Amino acid sequence: MTDHNDGRVHIELTVTGVVQAVGFRPFVYRRATAHDLVGTVRNTGDAGVKISIAGTVEDVEAFIDDVRERPPPLAVVESIDIETHEPVDDSNDRFQTFEIVSSTQGDGGSGTIPPDTGICDGCLEDVHDLNSRYYKYWATSCVDCGPRYTVIESLPYDRPTTTMESFPLCEGCNKEYTDPGDRRYHAQTIACPACGPSLSLLSDDRTELATGTDAVTAAGYRLNAGEILAIKGIGGTHLACRATDQDAVSDLRERTGRPEKPFALMAKSVEQVEQFARVGQEERPWLTDVRRPIVVLETLGGSALNRDRDWLGDVAPGLHTVGVMLPYAGLHHLLFDQLDEPLVMTSANLPGKPMALSTEVIYEELADVIDAAVVHDREIAARCDDSVVRVVDNSRRFLRRSRGWVPRPLPRQETGPAVLALGAEFDTTVALAREDEVVLSQHLGDVDGPGTEAFLEQAIAHLKELFRTDPAIIACDLHPEFVTSRLATSYASDLPGASGPTNPIQVQHHHAHAAGLLAEHDCDRAVVITIDGTGYGPDGTVWGGEVLDVTRNSFERVGGLEPFRLPGGEAAVRYPARTLASLLNDAERVDELIADQTPLSQTEATTVRKSAEAGVNAPLTSSAGRYLDAISALLEVCTERTYQGEPAIKLESTAASGTPLSLEHELEGNTGHCYRDADKYAGMTVTYALYDDRPVIETSRLVRHIDRLHTSYSTATVAATAQAALAEGLALIAIQAARERAVPWIGVTGGVAHNVAISRRIRDVVEDRNFRFLSPDQIPPGDAGISYGQTVVATAQANARGELPVLNSNRVY
59 MTDHNDGRVH IELTVTGVVQ AVGFRPFVYR RATAHDLVGT VRNTGDAGVK
109 ISIAGTVEDV EAFIDDVRER PPPLAVVESI DIETHEPVDD SNDRFQTFEI
159 VSSTQGDGGS GTIPPDTGIC DGCLEDVHDL NSRYYKYWAT SCVDCGPRYT
209 VIESLPYDRP TTTMESFPLC EGCNKEYTDP GDRRYHAQTI ACPACGPSLS
259 LLSDDRTELA TGTDAVTAAG YRLNAGEILA IKGIGGTHLA CRATDQDAVS
309 DLRERTGRPE KPFALMAKSV EQVEQFARVG QEERPWLTDV RRPIVVLETL
359 GGSALNRDRD WLGDVAPGLH TVGVMLPYAG LHHLLFDQLD EPLVMTSANL
409 PGKPMALSTE VIYEELADVI DAAVVHDREI AARCDDSVVR VVDNSRRFLR
459 RSRGWVPRPL PRQETGPAVL ALGAEFDTTV ALAREDEVVL SQHLGDVDGP
509 GTEAFLEQAI AHLKELFRTD PAIIACDLHP EFVTSRLATS YASDLPGASG
559 PTNPIQVQHH HAHAAGLLAE HDCDRAVVIT IDGTGYGPDG TVWGGEVLDV
609 TRNSFERVGG LEPFRLPGGE AAVRYPARTL ASLLNDAERV DELIADQTPL
659 SQTEATTVRK SAEAGVNAPL TSSAGRYLDA ISALLEVCTE RTYQGEPAIK
709 LESTAASGTP LSLEHELEGN TGHCYRDADK YAGMTVTYAL YDDRPVIETS
759 RLVRHIDRLH TSYSTATVAA TAQAALAEGL ALIAIQAARE RAVPWIGVTG
809 GVAHNVAISR RIRDVVEDRN FRFLSPDQIP PGDAGISYGQ TVVATAQANA
859 RGELPVLNSN RVY
């Protein structure tokens with residue numbers, strides 16, 4: 059830094075990253091005044107911050123070091139651009155003191171909107187302090203905590219551009235808001251009982267029963283009495299009931315049409331969670347993280363709560379795990395001041411509908427579900443479900459990346475045209491790529507109806523507005539019948555320069571999975587095991603058990619599962635016993651299994667089997683998910699799917715108490731045991747064949763071997779062995795392909811990668827052969843990560859062409 063008059067300098071800093079809505083300007087003010095600097099700080103319209111300062115070289119350098127190295131807790135400084143100006147003289151009115159000045163609409167740098175976070179310890183102390191203005195106030199927050207993404211309507215981040223605009227500050231709040239020494243200095247969500255959003259308890263017919271703290275007290279009483287309540291929170295609404303109350307949980311299932319789907323829990327403390335679930339050293343930090351995700355934990359054999367019965371079996375039927383979160387809003391903590399047991403806290407929506415946001419929608423759609431509702435009058439700008447994580451192989455893995463993380467950007471790894479990707483159809487997210495980053499949306503759910511379709515379009519509009527980005531390219535899944543594919547065509551038609559019907563870039567489902575894995579690890583090429591339930595293949599069949607040689611802009615299918623048939627298509631997904639008609643060669647046994655496990659008669663079951671044999675109304679699939687579903691039906695673990703992934707998820711839970719048997723493998727270059735130290739040998743060989751010149755596991759032969767094992771071993775042992783055979787077999791095929799192609803990296807992704815045992819077994823086999831292993835970290839491996847992968851592929855293709863793709867051509871990558 060050049061020394062100017064009397065050692066004084068004048069510089070302007072443009073700071074990018076997460077620097078709005080995190081107390082960054084008050085922090086800058088405090089550090090600038092501490093270093094005797096004068097000047098100004100302001101937000102810019104693209105979520106950046108501009109700082110103009112003057113002072114001695116030493117003080118300015120110390121200030122820059124503070125900004126770079128010691129930002130506020132929620133801030134992330136990604137870059138600081140420094141521009142030197144001529145020194146200012148003492149007569150310049152702008153440089154007499156240091157001030158926070160009005161925000162501008164113009165660009166200053168590329169900034170990022172922060173996600174919501176849980177209430178901080180300081181605010182929680184205020185909520186419980188009898189002498190505090192915030193005593194028992196449900197919406198208490200400060201610069202270090204509370205809602206951000208869900209209240210921001212546009213930029214720059216100031217109170218008038220949030221849903222707090224409707225709540226003018228009272229004298230007390232205004233004093234703290236304007237006091238540089240207060241932690242609520244320029245806290246845009248500051249509010250108190252005198253001026254902030256108000257809380258009400260409404261009856262089942264929407265009659266107001268209580269307000270404020272009385273509403274919380276009455277709600278606690280009703281929950282203890284066994285009622286089901288809607289609770290409007292920060293980013294949406296939960297349906298809540300006492301988790302240990304069998305009747306309440308049963309009523310909630312019946313009223314919502316969720317007979318088996320596991321419910322998430324909210325518990326008062328880690329100590330309470332430890333009474334019914336295992337909280338390991340890897341899980342504990344995520345459970346207590348300020349972002350408060352739902353953490354999937356293994357349940358204990360016997361709960362210290364209500365020991366007289368298995369209440370966890372009602373909450374998560376057939377599973378050895380349960381999703382748990384701790385309170386993250388002031389409202390939650392106030393409720394748990396009155397409760398001694400965990401609550402079920404599940405999204406407030408009916409099948410095919412997005413989560414309710416307003417009092418009107420709660421009563422329009424959920425009046426027959428709830429006994430009462432706790433609501434407030436602060437509008438939610440962006441619906442945002444709870445995030446869900448699970449520890450797999452000692453590291454976090456997202457099942458859902460939403461509240462607490464969205465809209466933090468992810469790496470794009472290369473710059474390119476702005477891309478909007480619409481994802482798949484289930485567990486959907488959308489993604490907006492700009493410059494060198496990708497902004498992944500919150501969880502949107504299954505886009506299979508008007509309500510969720512509208513939610514998707516709202517999410518796109520919100521991201522485009524907040525990040526001031528208009529896409530030049532639209533990307534979507536290859537599947538021609540997805541709602542998102544149809545919407546992508548519409549968005550492509552509206553692109554600048556488009557004339558007439560246009561087509562988006564269609565990205566093959568598993569290429570998107572694998573390319574996303576490469577991008578998050580900044581890897582150019584890998585052999586990736588991509589395993590899930592369904593993905594439309596370029597050959598018109600259903601893929602899902604694939605070994606791919608992948609780059610970001612292309613892929614080759616080099617191995618996987620031997621295809622088998624799904625008699626009746628979607629009917630076989632719902633009733634997986636139908637799939638056994640393609641996998642077992644015992645006609646009488648197949649007919650019996652289908653008749654026993656589906657609504658079909660014996661005669662109809664025979665017709666299903668014959669249709670599979672003839673290939674009539676029985677599409678081909680290589681899906682690992684469908685293989686696991688078939689094993690689940692074969693072992694009578696789960697015979698009907700009532701929620702996505704249910705048969706395979708319950709198979710994993712059954713297998714958790716078993717030890718897989720050792721298996722032989724007959725694959726060129728990889729013959730023998732994967733685990734010679736196994737206690738038991740199954741007497742079974744996993745066999746392979748060539749299918750379209752690529753090595754595949756002989757799926758039908760494998761299922762027949764597993765069927766025979768069940769006559770000698772427990773269901774848990776056989777389930778664990780079936781999972782191990784899939785994992786080992788695909789890992790060995792990947793290793794063979796990687797050796798032949800001199801590729802040092804092998805990865806795994808897709809929805810089946812959520813299975814702890816399968817993921818761990820693949821990693822062990824890969825690393826045992828001295829290959830480097832890639833696994834999902836920042837991106838959900840399931841379909842929630844598809845939109846991210848689509849942006850990666852579309853970017854790579856556009857950059858490879860050296861120009862924007864021709865929108866009138868129909869391309870598949």
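Residue numbers (this note's numbering): 59 to 871. Quick reminder that beta carbons are idealized off the backbone N, C-alpha and C, glycines included. Treat the numbers as computed from the prediction; the structure is a model and nothing was measured.
Could you name the residues that DSSP lists as bridge partners for residue i?
{"i": "P753", "result": "L748"}
{"i": "D607", "result": "V585 and E614"}
{"i": "D8", "result": "There is no way to answer for residue 8, as the model of the chain reaches only from 59 to 871."}
{"i": "A431", "result": "L260 and A288"}
{"i": "W803", "result": "R830"}
{"i": "H296", "result": "I289 and S405"}
{"i": "R448", "result": "V354 and R455"}
{"i": "E493", "result": "None; E493 has no bridge partner."}
{"i": "A479", "result": "A489 and A533"}
{"i": "A268", "result": "L259"}
{"i": "F156", "result": "G97"}
Taking residue i as the reference, give the member of the options with the closest Cα.
{"i": "F321", "options": "V427, V382, G603 and E578", "result": "V382"}
{"i": "D751", "options": "L832, K668 and E614", "result": "E614"}
{"i": "P718", "options": "E710, E724 and A249", "result": "E710"}
{"i": "L397", "options": "L281, K411 and A670", "result": "L281"}
{"i": "V447", "options": "W463, V432, R441 and V433", "result": "W463"}
{"i": "V73", "options": "L415, I122 and A479", "result": "I122"}
{"i": "G595", "options": "E724, H568, E578 and R466", "result": "H568"}
{"i": "E724", "options": "R316, L790, E694 and S258", "result": "L790"}
For a test of the three-state rule: what should DSSP assign to residue i, helix, strand or coil?
{"i": "S669", "result": "helix"}
{"i": "C203", "result": "strand"}
{"i": "G509", "result": "helix"}
{"i": "E318", "result": "coil"}
{"i": "F831", "result": "strand"}
{"i": "P705", "result": "helix"}
{"i": "I532", "result": "strand"}
{"i": "L335", "result": "Note on identity: in this sequence residue 335 is Ala, with Leu being the wrong assignment. Looking at A335 - three-state DSSP - the assignment turns out to be strand."}
{"i": "G166", "result": "Legend: pLDDT at G166 = 41, less than 50; position of this residue unreliable, value from coordinates given subsequently. Residue state, collapsed to three classes: coil."}
{"i": "N866", "result": "In this predicted model, N866 has a pLDDT of only 30, less than 50, meaning its place in the structure is not dependable; the value taken from the coordinates is given anyway. Looking at N866 - three-state DSSP - the assignment turns out to be coil, as it is neither helix nor strand."}
{"i": "G787", "result": "helix"}
{"i": "E710", "result": "helix"}
{"i": "D590", "result": "strand"}
{"i": "T542", "result": "helix"}
{"i": "A112", "result": "strand"}
{"i": "T769", "result": "coil"}
{"i": "I248", "result": "coil"}
{"i": "S361", "result": "Any reading at S361 must be qualified, since the residue scores a pLDDT of 48, below 50, and its modelled position is unreliable; no value is offered."}
{"i": "V67", "result": "strand"}
Should residue i be labelled buried (16 or more other beta-carbon atoms within 10 Å of its own) or exposed?
{"i": "R766", "result": "exposed"}
{"i": "E704", "result": "buried"}
{"i": "T220", "result": "buried"}
{"i": "Q781", "result": "buried"}
{"i": "Y195", "result": "buried"}
{"i": "R128", "result": "exposed"}
{"i": "Y279", "result": "exposed"}
{"i": "T729", "result": "Low confidence applies here, because T729 scores a pLDDT of 48, under 50, leaving its location unreliable and the question unanswered by this model."}
{"i": "L575", "result": "buried"}
{"i": "P412", "result": "buried"}
{"i": "G180", "result": "exposed"}
{"i": "E184", "result": "Going by the sequence as given, residue 184 is Asp instead of Glu. The residue is buried, with at least 16 neighbouring Cβ atoms inside 10 Å."}
{"i": "H579", "result": "buried"}
{"i": "H296", "result": "buried"}
{"i": "Q855", "result": "buried"}
Following a CB-centred definition, is residue i positioned closer than 7 Å to any heavy atom of the ligand ZN?
{"i": "G474", "result": "The model on display carries no ligand, and the ligand ZN is accordingly not part of it."}
The segment 760-775 contacting the segment 531-540, beta-carbon criterion three pairs below 8 Å
No contact exists between the segment 760-775 and the segment 531-540.
Taking contact to mean 3 or more Cβ pairs, one atom from each stretch, closer than 8 Å, check whether the segment 557-574 and the segment 507-514 are in contact.
Segments in contact, no.
Quick check: the segment 806-815 against the segment 831-843, are at least 3 beta-carbon pairs closer than 8 Å?
Yes, they touch.
Touch check for the segment 407-414 and the segment 387-394: three-plus C-beta pairs under 8 Å?
Of all C-beta pairs linking the segment 407-414 to the segment 387-394, fewer than three are shorter than 8 Å, placing the two stretches out of contact.
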